[in-house]
Amino acid sequence: MLRYLARRLLQGVFVLWAAYTLSFLILFTLPGDAATVAAAGGGDASTVDPKLVEQLRHEYGLDQPLWLQYLHALGKALRGDFGANPQTGQPALHEVTQVLPNTLGLAAAALVLAVVVGFLLAVASTFPRASWLRQALGALPPLGAAVPVFWIGLLLLQWFSFHLRWFPSLGDEGFRSLVLPAVTLAVPTGAYIAQLLSRSLRLTLGRPYIDQVRAKGAGEARVHFAHALRNAVLPTLTMVGVLIGNLLAGTVVTETVFSRTGVGRLVVQAVGDRDLPVVQVVVVFAALVFVVSSLAVDLIYPLIDRRIVLGRAAAIA
Amino acid sequence: MTSRTSARIAVLVAGAAALAFALAGCSGGSGSGSAAGDSSPAADKPVAGGNLTFAISSELGCIDPQQIGNNDDIAIARQTVASLTTQDPKTGEIKPWLASSWKVNDDASSFTFTLRKGASYSDGTPIDAESVKENFEGIQALGAKATLGSTYLSGLKDVNVIDPQTVQIDFDGPSAQFLQATSTFSLGLVSDASTKLSVADRCAGKFAGSGPFTVKSFTPQSQAVLAKRDGYSWGSSTNAHTGAAYLDSVTFKVVPEASTLTGSLSSGQIDASADVQVTDLPQFDGNGFWVLNRTNPGVVYNLYANAKNPILADQNVRQAISKAIDRDAEAKLLTKWDKPATSVLSSSTPYWTDESSLLTQDVAGAKKLLDDDGWKVGSDGIREKDGQQLSFKLVYWQPSNDELQLVQQELKAIGIDLQLKQTTIADATATNNGTQALSWGNLTRADPDVVRTVFSARATQNNNHRAVEPVDDLLDQQAATTDQKTRQKLVDQATQTLIKEGWSIPVYQLSTTIAASSKVHDLKFEASSRLDFYDAWLSK
């Protein structure tokens, strides 16, 4: 167990380093750098003074060789200093941690909503006797997954904010401003969960051991909730990493449509501004989330299915 | 919020007179009764109080007036600082603000300002000659980070404190533009302590300014709240009043998505914005809303030809491009208030002269110029000479898709192949390393010296990548002339030359449009088409 954990930890560190290095290289291969963006100054100065760009490049250390910049940045990052946003001078770590609670709150609310709705839909599409009802309910998840998040957000805004005025269209203060974005973000993830779970439920319900349970006279509800669901839920749990990825990717659009502050919007802005420090903090954070969540899933596995021992679980994951 | 607002009004009213009370009550009643009918924003007497919510579309990064260059950031920062001078939006004339008078020497290299008494920064320290010196030296120290201010102060030699109310500013050489520069937000004044703050603290609005509003809170990405400064009594001579601002506060909210912005304005969740999309503007014209538009002063949106490109080094080709463009059709793609380019300078710029006779569309003339140069129309409709196609690329980041596509069609009609590529600012500026055939841009500034900044071969920008030519002498001479008539002549000669020689191919004039609810009154533009909230007020 300890050796297993140590190995996973080492893997995790490698993943973090790789994410950091890759993001560094990718941003470097893009044309333009923070100095040109800062010199352009946004809206008005559509003409840029080349002397100014050189001056800024020197100030930001962008005129040094790539490997030197990388080593310098990596050394500082190991000490928790990811550098400052070249335009505002704010430490990147601070900029990200400032908006992180907003994104986590939104993602958590959406995840809870998605899990609840996903489970209900999955059960509803396998439980009823009437096959037409099962089919109709089974068609909902693909629809939910296909509709663009952007469009759902605007539709909800149009009706519940602009027309009925139940919820504010902007900002991120309090529960009322969380409802519409959380619903928006929950739709694709909920649809995904429902799809996965209903497929695996159908598979499980077709297994011979379920026939045995039925033969013993168990009712449909007991078959579903006491026997089938327990096994069917495992493949869905394995996909938690992907689900979290889905949610984090979805926040970019949701935060933009609902004018919320958050990591999604911050990172889009940072890439456009060639703001390397902020991008790196977010990339490393995202990698950390994946490392931790996949480890957590692996540790939860044996609790649900006692036949699984950790060494083998690692091979599966 | 509402209770505090009404408490403030109560205090104000009690302190003033019964008449004020009657007025405030009266306009409050009429405002709530028929808001839609009030299309003229200046119809009533101003009422103090209230919070105005203003939406901006770009991310809030930095709101230090001395560092920024982005329009949305400027809208916030402008309200927090007063300047030495102010510029009349109608005449372009420079008038007193923090400086009650000034003297300029003959070659415009030395400026002496006499400061008004009694003005202070929001941290309580007086606005004196020493603090003016601290500010200008601080901007110099910011260097490249003060994108605009550092260019206005280029060649600054010395700032001398003569006495607490008198400061003398000397340049290495002539700098006629400096007087107008002292009216801009870029040279707006902050307290001595503020000039010593870190770049990050200044960006985050922790500075103490000299203007009618102070920064109450600042949340990056999200919002900035400005609060009225009580006791402010040095309103500029170009504003309608001189005391404290009418609004208690102004909240700037970042709304990046255009349809959310439009919906929020129409449903009353925000009061005004200057970032409503052109296609959405008509729904705010009347109907409980009003729209105000002003052309931005400065260099218009124009194409810059690269002198180092062998095709565009040919003046006939540059002229042909200019003749192919129908500028009226360009303006029709924009709002109903937008104007075609009539010169290198826009019509709201001081010293602008109408040169539209040089900018009329002449397709036959354009074709003839290319024919004369030996460019023969090939089988695909594109002209060729010596095996080379008359074809080049334009990389741009500005939201000018429709306008540039029209140019593309018009050029195709005379046998020129223009390839368009829209990208990000970082991309466009990085790839514009001096080898691009054509580039696209404008620059806002309410002084004709902006032409020198952008076009002079002696300036660092030198957008045409030209060698020095006679026009550069004209540009230098206008920078050294304070006599209005002489400067006018020099500016006219310079702009005419730039157009005739095809170094500038003007297309249309950039403008800014405010859309606001009819309870918003007297939200205005200052001379540089920056928003001015000082006279603004809300009906109850």
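Protein sequence lines correspond, in order, to chains A and B. With the working numbering, the residue at position 120 of the first sequence is 120, and numbering never jumps. With the working numbering, the residue at position 19 of the second sequence is 1019, and numbering never jumps. All residues carry an ideal CB built from backbone N, CA and C; glycine is no exception.
| field | In DSSP terms, what histidine 1521 of chain B is bridged to | value | B/Trp1537
| field | For isoleucine 1063 of chain B, the first and last residue of its enclosing beta strand (DSSP E) | value | Looking at the DSSP string, isoleucine 1063 of chain B is not in any beta strand (DSSP E), and its letter there is neither H nor E.
| said: I'd like to know if lysine 1216 of chain B contacts chain A, where contact means its C-beta is closer than 8 Å to some C-beta of that chain. | reply: no
| task | Using 10 angstroms around the beta-carbon of threonine 1151 of chain B, count the other beta-carbons present and answer buried if the total reaches 16, otherwise exposed. | result | buried
| query | Is lysine 1339 of chain B buried or exposed, if buried means 16 or more other CB atoms sit within 10 Å of its CB? | reply | Classification of lysine 1339 of chain B: buried, given that the 10 Å Cβ count is 16 or more.
| Contacts around glutamine 1177 of chain B, its chain only, beta-carbon distance under 6 Å, and the 5 residues preceding and following it disregarded | For glutamine 1177 of chain B, where only same-chain residues beyond five positions count, the Cβ hits under 6 Å are Asp1447 and Asp1449.
| said: Can you tell me which residues form a DSSP beta bridge with glutamate 1384 of chain B? | reply: Per DSSP, B/Lys1376 and B/Gln1389.
| field | According to DSSP, residues forming a beta bridge with tyrosine 1301 of chain B | value | According to DSSP, which records beta bridges pairwise, tyrosine 1301 of chain B is partnered with B/Tyr1508.
| said: In whole angstroms, give me the CA-to-CA distance for threonine 1002 of chain B and glycine 1288 of chain B. | reply: Residue confidence for threonine 1002 of chain B is low, a pLDDT of 37 falling below 50, so the modelled location carries little weight; the figure read from the coordinates is stated next. Approximately 22 Å, taken between the alpha carbons.
| According to a CB-to-CB cut-off of less than 8 Å, which residues of the stretch 1243-1274 of chain B neighbour chain A? | Lys1253, Val1254, Val1255, Pro1256, Glu1257, Ser1259, Thr1260, Gly1263, Ser1264, Ser1266, Ser1267, Gln1269 and Ile1270
| Does the beta-carbon of phenylalanine 1218 of chain B have 16 or more other beta-carbons within 10 angstroms, so that it is buried, or is it exposed? | buried
| field | Within the stretch 260-295 of chain A, ranges of the alpha helix (DSSP H) (whole runs, at least 4 residues) | value | 263-272
| Hey, out of A/Met1, A/Gly32, A/Leu66 and A/Ala109, whose CA is closest to leucine 25 of chain A's CA? | A/Leu66
| query | Within this structure, are the beta carbons of glycine 1563 of chain B and leucine 1148 of chain B separated by less than 8 Å? | reply | Because chain B here runs from 1001 to 1540, residue 1563 of chain B falls outside it and cannot be looked at.
| task | If I'm right that alanine 38 of chain A touches proline 86 of chain A with Cβ under 8 Å, what's the distance once you round it to whole angstroms? | result | 6 Å
| query | Are the beta-carbon atoms belonging to isoleucine 1414 of chain B and lysine 1367 of chain B less than 8 Å from one another? | reply | yes
| Roughly how many angstroms separate the alpha carbons of leucine 203 of chain A and glutamine 135 of chain A, rounded to a whole number? | 16 Å
| query | Is there contact between the stretch 1335-1352 of chain B and the stretch 1290-1303 of chain B, where contact requires at least three CB pairs shorter than 8 Å? | reply | The stretch 1335-1352 of chain B vs the stretch 1290-1303 of chain B: in contact.
| Close Cβ partners of glycine 1029 of chain B (< 6 Å) along its chain, the five nearest in sequence each way excluded | Low confidence applies here, because glycine 1029 of chain B scores a pLDDT of 31, under 50, leaving its location unreliable; read the following figure in that light. Cβ neighbours of glycine 1029 of chain B beyond the five flanking positions: none.
| request: Starting from the beta carbon of glutamate 59 of chain A, find every residue of chain B whose beta carbon is closer than 9 Å, and list them in chain order. | output: Gly1143, Ala1144 and Lys1145
| message | Looking at the secondary structure, which residues open and close the alpha helix (DSSP H) in which asparagine 246 of chain A lies? | response | Segment 240-257, the alpha helix (DSSP H) holding asparagine 246 of chain A.
| request: Measure the CB-CB distance between phenylalanine 1284 of chain B and valine 1276 of chain B and report whether it falls below 8 Å. | output: yes
| said: Tell me the DSSP secondary structure of glutamine 1319 of chain B in three-state form. | reply: helix
| Tell me which same chain residues have a C-beta within less than 8 Å of the C-beta of lysine 1308 of chain B, skipping the five on either side of it? | Gly1434, Thr1435 and His1465
| Cβ-heavy atom distance, aspartate 1427 of chain B to the ligand ZN, below 7 Å | With respect to the ligand ZN, the structure offers nothing, as it holds no ligand at all.
| For leucine 1359 of chain B, which of B/Thr1349, B/Val1344, B/Leu1369 and B/Asp1371 has the nearest alpha-carbon? | B/Val1344
| request: Examine the Cβ distances between the stretch 1259-1269 of chain B and the stretch 163-177 of chain A and report whether three or more of them are shorter than 8 Å. | output: yes
| request: Return yes when the Cβ of proline 1212 of chain B is within less than 8 Å of the Cβ of tyrosine 1508 of chain B, no when it is not. | output: No Cβ-Cβ contact shorter than 8 Å links tyrosine 1508 of chain B with proline 1212 of chain B.
| task | Apply the 10 Å Cβ neighbour rule to aspartate 1192 of chain B and answer buried if 16 or more other Cβ atoms are within range, or exposed otherwise. | result | buried
| task | Measure the CB-CB distance between leucine 113 of chain A and alanine 182 of chain A and report whether it falls below 8 Å. | result | yes
| said: Bridge partners for phenylalanine 1054 of chain B per DSSP, in chain order? | reply: As DSSP reads the structure, phenylalanine 1054 of chain B sits in a beta bridge with B/Phe1252 and B/Ala1272.
| Among A/Val268, A/Leu247 and A/Gly245, the one whose alpha carbon lies nearest that of proline 1256 of chain B | A/Val268
| message | Taking 8 Å as the threshold (C-beta atoms), are alanine 228 of chain A and isoleucine 349 of chain A in contact? | response | Residue 349 of chain A cannot be examined here, being either before or after the span of chain A that is shown, 1 to 317.
| task | Assign phenylalanine 14 of chain A to one of two classes, buried (16 or more other C-beta atoms within 10 Å of its C-beta) or exposed (fewer than that). | result | exposed
| said: Can you find the residues in the same chain that come closer than 6 Å, C-beta to C-beta, to valine 291 of chain A, ignoring five residues on each side of it along the sequence? | reply: Gly12 and Val15
| request: Identify the contact partners of glutamine 1221 of chain B in chain A, using a Cβ-Cβ distance below 7 Å as the criterion. | output: Val99, Thr261, Arg265 and Leu266
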